[in-house]
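Protein chains in written order, with this note's numbering: chain R, 19 to 210; chain F, 19 to 210; chain W, 19 to 210; chain B, 19 to 210.
There are 4 protein chains.
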Amino acid sequence: MARPLSEEKRHSLLASALTAVATSGIAASTLSIAKKAGVAEGTLFTYFPTKDDLLNQLYLELKSDLVSHLTAGLMSDTDIMVQFHHLWTRYIDWGMSSPHKHEALRQLEVSHKITGATEQATHAMSHELQILVERGFETGVLRKQPVMFLWGVIQGIAGLVLQTAAGDMRKARECEDLGWETLWGAIASHQT
Amino acid sequence: MARPLSEEKRHSLLASALTAVATSGIAASTLSIAKKAGVAEGTLFTYFPTKDDLLNQLYLELKSDLVSHLTAGLMSDTDIMVQFHHLWTRYIDWGMSSPHKHEALRQLEVSHKITGATEQATHAMSHELQILVERGFETGVLRKQPVMFLWGVIQGIAGLVLQTAAGDMRKARECEDLGWETLWGAIASHQT
Amino acid sequence: MARPLSEEKRHSLLASALTAVATSGIAASTLSIAKKAGVAEGTLFTYFPTKDDLLNQLYLELKSDLVSHLTAGLMSDTDIMVQFHHLWTRYIDWGMSSPHKHEALRQLEVSHKITGATEQATHAMSHELQILVERGFETGVLRKQPVMFLWGVIQGIAGLVLQTAAGDMRKARECEDLGWETLWGAIASHQT
Amino acid sequence: MARPLSEEKRHSLLASALTAVATSGIAASTLSIAKKAGVAEGTLFTYFPTKDDLLNQLYLELKSDLVSHLTAGLMSDTDIMVQFHHLWTRYIDWGMSSPHKHEALRQLEVSHKITGATEQATHAMSHELQILVERGFETGVLRKQPVMFLWGVIQGIAGLVLQTAAGDMRKARECEDLGWETLWGAIASHQT
DNA sequence: CATGAATGAGCCTTCATTCAT
DNA sequence: TATGAATGAAGGCTCATTCAT
Chain R
19 MARPLSEEKR HSLLASALTA VATSGIAAST LSIAKKAGVA EGTLFTYFPT
69 KDDLLNQLYL ELKSDLVSHL TAGLMSDTDI MVQFHHLWTR YIDWGMSSPH
119 KHEALRQLEV SHKITGATEQ ATHAMSHELQ ILVERGFETG VLRKQPVMFL
169 WGVIQGIAGL VLQTAAGDMR KARECEDLGW ETLWGAIASH QT
Chain F
19 MARPLSEEKR HSLLASALTA VATSGIAAST LSIAKKAGVA EGTLFTYFPT
69 KDDLLNQLYL ELKSDLVSHL TAGLMSDTDI MVQFHHLWTR YIDWGMSSPH
119 KHEALRQLEV SHKITGATEQ ATHAMSHELQ ILVERGFETG VLRKQPVMFL
169 WGVIQGIAGL VLQTAAGDMR KARECEDLGW ETLWGAIASH QT
Chain W
19 MARPLSEEKR HSLLASALTA VATSGIAAST LSIAKKAGVA EGTLFTYFPT
69 KDDLLNQLYL ELKSDLVSHL TAGLMSDTDI MVQFHHLWTR YIDWGMSSPH
119 KHEALRQLEV SHKITGATEQ ATHAMSHELQ ILVERGFETG VLRKQPVMFL
169 WGVIQGIAGL VLQTAAGDMR KARECEDLGW ETLWGAIASH QT
Chain B
19 MARPLSEEKR HSLLASALTA VATSGIAAST LSIAKKAGVA EGTLFTYFPT
69 KDDLLNQLYL ELKSDLVSHL TAGLMSDTDI MVQFHHLWTR YIDWGMSSPH
119 KHEALRQLEV SHKITGATEQ ATHAMSHELQ ILVERGFETG VLRKQPVMFL
169 WGVIQGIAGL VLQTAAGDMR KARECEDLGW ETLWGAIASH QT
């Protein structure tokens with residue numbers, strides 16, 4: 019009975035938190051977040067018991083959004099390099115089309131507010147990617163390394179490209195290509 | 019100007035800010051910084067007119083510290099790859115022996131508080147490195163790319179290694195080697 | 019008026035308020051009270067239009083509970099001192115067996131939230147006691163004094179005994195006797 | 019160096035807290051207290067790290083004020099009853115001339131905010147009274163009982179008198195006498 | 001110059017009450 | 001009637017910065 023929690027408000031709040039965190043870091047105030055979401059400050063706390071909780075949920079949502087964007091259209095039976103190139107393209111695409119998401123993710127990653135449990139939850143999401151990586155190891159295409167390390171390399175170089183491209187949109191294409199060469203050089207095993 | 023500003027106090031403050039920022043991010047309070055520096059809160063503001071100013075100075079100092087650590091012992095007439103490997107070793111060494119510095123730098127980089135002017139000032143410091151990179155381009159050893167991009171790759175992979183190694187000190191050596199292979203693969207041109 | 023207000027829920031709410039107030043004073047939140055009563059927060063306000071109203075009702079109920087406990091088994095034709103001793107025993111009994119009630123009453127008395135009307139209503143309840151007291155004055159057994167004053171003395175000393183006994187249950191009996199001597203000394207006229 | 023903590027402001031704050039607590043109970047806001055003290059809200063927290071701390075200090079000050087008022091002019095070599103009567107008179111005098119103090123003390127006593135340490139500290143203050151009481155026991159003038167109990171009786175009856183007198187100032191004198199008879203009856207041993 | 005008291009805006013969170021369901 | 005989401009006003013406390021000493 020009573021009014022049910024509105025999924026719409028929840029999304030408003032997360033969306034508002036997204037831009038707020040991208041703009042002001044985790045110092046963004048709950049009041050500003052609530053206001054931009056068109057909601058009273060108190061309401062924020064009926065959806066997220068704590069500011070930290072909101073940040074964790076936001077982190078989760080961003081990661082999930084990124085992963086699902088990356089894996090969309092991935093064909094698991096094609097050449098591994100092709101698949102990685104697909105991943106790469108999608109990553110840059112994601113970052114270009116929603117720069118706030120990328121920036122907010124960066125802020126959250128550096129913030130010390132993300133709990134171990136949240137981190138765990140993100141791992142569960144990337145099952146498909148994990149398989150791809152493992153196949154890369156087995157076939158000898160990729161240099162053997164911890165999965166998290168590999169993922170970190172991708173993330174790092176993508177971040178770099180996005181940042182570089184942000185300054186000069188016209189070179190975006192060039193930049194993406196450079197990034198791809200860099201990435202593939204970084205992770206492939208180069209056994210001729 | 020009876021009593022001049024004491025260089026010692028200035029350093030105390032920067033050192034204190036370093037650990038504070040590494041631990042708590044830029045949210046670290048001026049009070050906590052002053053206290054750990056053994057100085058009154060007001061004093062902090064005679065040395066740095068503003069908290070943001072302190073953060074910028076800290077950033078400058080960290081970058082300069084890093085660059086001078088990297089370039090120490092660099093022999094400009096040896097093989098380029100050897101020089102880069104030296105750089106790499108020194109980077110990891112720096113990060114391992116002073117993890118606070120590395121973490122603080124990360125926090126500052128992400129913080130939106132570093133002004134353009136400060137950023138400019140850091141470029142000036144890396145003259146020697148710039149020359150090395152350019153020689154890399156000319157000789158065709160390195161893939162042609164913006165210097166800042168290259169620098170970002172180094173930084174990103176080094177950060178990744180430090181983070182990975184932090185969790186498991188025993189694998190530090192392994193990790194460093196993996197990092198080097200990754201880095202060299204990322205930046206070298208691979209012309210057979 | 020399809021469904022009438024349920025007397026059961028009303029009691030749940032008052033019972034819950036009782037322990038909440040005893041524990042946390044009148045600062046106890048309506049949410050906590052409603053929850054412990056197994057009822058939605060909004061429901062509380064259909065039974066009591068206001069938190070202050072709830073507190074007043076609780077006060078009334080506690081006073082009435084106390085008075086009826088005191089007067090139960092009172093034989094109006096025995097010796098006055100015996101009747102007072104009966105009262106005293108019953109008071110201590112009440113306080114010992116339901117310490118929450120006693121504590122809650124204290125909190126409410128001190129709270130400035132009890133209205134004059136509520137206070138009036140309690141007077142009406144103690145008719146039987148009033149008669150006893152007046153007989154005490156007429157026969158010269160009790161020192162002449164305002165009824166409210168006398169009642170205050172009883173309450174004060176009983177409270178003291180309960181508080182003292184709370185710390186050391188083993189001495190409860192001793193404590194009760196001491197209290198009785200104190201009380202009787204305080205109110206009897208001592209005409210030898 | 020620097021501006022020293024001003025004893026005057028400290029007193030302003032305690033005085034303001036006194037009336038605020040007397041009027042609104044411990045729910046009195048720190049803002050209202052600071053304002054009435056003519057001081058910024060933040061300032062309150064440089065003098066008292068916590069609201070609870072302020073309340074404890076206030077309690078201490080009130081107790082100390084009361085005790086020193088009671089013992090002033092006490093002649094330890096006169097008759098015990100006379101000394102107690104002196105105490106009684108002083109107590110009523112204190113309560114009459116500063117009703118806020120009395121009310122605030124009541125609020126604090128009931129509040130659950132006074133720590134054990136604070137309570138301890140108050141015991142230390144009443145050394146002189148303790149001696150008087152013990153002499154009362156030794157000489158058989160007082161009924162043997164725990165000191166705290168005796169003190170509670172005095173406090174309780176005094177409170178009652180003050181409350182009763184508050185309603186009808188003209189009867190204050192009468193009321194005080196009645197209180198004294200009640201008190202002495204309550205604590206004296208009545209051995210003829 | 002060094003100190004730390006003073007300031008008041010701002011922060012996160014709680015709360016009594018209202019109202020849509 | 002019962003529910004609990006929605007509200008926005010406080011509440012206690014922290015903080016960067018100023019300024020008297």
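Every residue, glycine too, gets a C-beta built ideally from N, C-alpha and C.
If you're wondering where the values come from, they're calculated on a predicted model, not measured in any experiment.
Leaving out five residues on either side along the sequence, give the residues of the same chain with a beta carbon under 8 Å from the beta carbon of residue i.
i: F:LEU80; result: LEU36, LYS119, ALA122, LEU123, LEU126
i: R:LEU260; result: Coverage of chain R is limited to positions 19 through 210, which leaves residue 260 of chain R absent and any answer about it impossible.
i: B:GLY14; result: Any answer about residue 14 of chain B is impossible in this case: the structure gives chain B only from 19 up to 210.
i: F:LYS54; result: SER34, THR37, ALA38
i: B:LEU196; result: VAL179
Which residues mark the beginning and the end of the alpha helix (DSSP H) in which residue i is found?
i: F:PRO117; result: 117-127
i: R:GLN138; result: 134-143
i: B:GLY203; result: 190-205
Residue i CB to nearest chain R CB: under 8 Å?
i: F:LEU123; result: no
i: F:PHE155; result: no
i: F:HIS208; result: yes
i: F:GLY174; result: yes
i: F:ALA45; result: yes
Indicate whether at least one CB of chain W lies closer than 8 Å to the CB of residue i.
i: B:LEU203; result: First, the amino acid is wrong: residue 203 of chain B is Gly here, not Leu. Yes, contact with chain W.
i: B:LEU160; result: no
i: B:SER144; result: no
i: B:THR182; result: yes
i: B:PHE167; result: yes
Is residue i close to chain F? Criterion is C-beta to C-beta, closer than 8 Å.
i: R:GLU199; result: yes
i: R:SER129; result: yes
i: R:VAL171; result: yes
i: R:GLN163; result: yes
Let's test the definition: count the other Cβ atoms within 10 Å of the Cβ of residue i and tell me whether it reaches 16, buried, or not, exposed.
i: B:ARG188; result: exposed
i: R:ILE149; result: exposed
i: W:VAL100; result: exposed
i: B:SER24; result: exposed
i: R:ALA46; result: buried
i: R:ALA142; result: exposed
i: B:ALA135; result: exposed
Where does residue i sit, in a helix, a strand or coil, going by DSSP?
i: B:THR89; result: helix
i: F:LEU180; result: helix
i: R:ALA46; result: coil
i: W:LEU23; result: coil
i: B:ALA58; result: coil
i: W:SER30; result: helix
i: W:HIS208; result: coil
i: W:LEU105; result: helix
Apart from the five residues just before and just after residue i, which ones in its own chain have a Cβ nearer than 7 Å to its Cβ?
i: R:THR133; result: ASN74
i: W:LEU49; result: GLU59
i: R:VAL165; result: GLN148, VAL151
i: W:ARG153; result: ILE98
Under 7 Å: does the beta carbon of residue i sit that close to some heavy atom of the ligand FMN?
i: R:SER47; result: You won't find the ligand FMN in this model; it holds no ligand whatsoever.
By Cβ distance below 6 Å, which residues in the same chain neighbour residue i in space, the five residues on each side in sequence not counted?
i: B:ALA204; result: VAL171
i: W:ASP83; result: none
i: F:SER285; result: Past the boundaries of the shown model lies residue 285 of chain F; chain F is included only from 19 to 210, so the question cannot be answered.
i: F:MET19; result: With a pLDDT of only 42 at F:MET19, under 50, the local geometry of the prediction cannot be trusted, and the value read off the model is given with reservation. Excluding sequence neighbours, F:MET19 sits near nothing in its chain.
Is any beta-carbon of chain B found at less than 8 Å from that of residue i?
i: W:ALA20; result: A caution first: W:ALA20 carries a pLDDT of 49, below 50, which makes its placement in the model too unreliable to give a value.
i: W:ALA135; result: no
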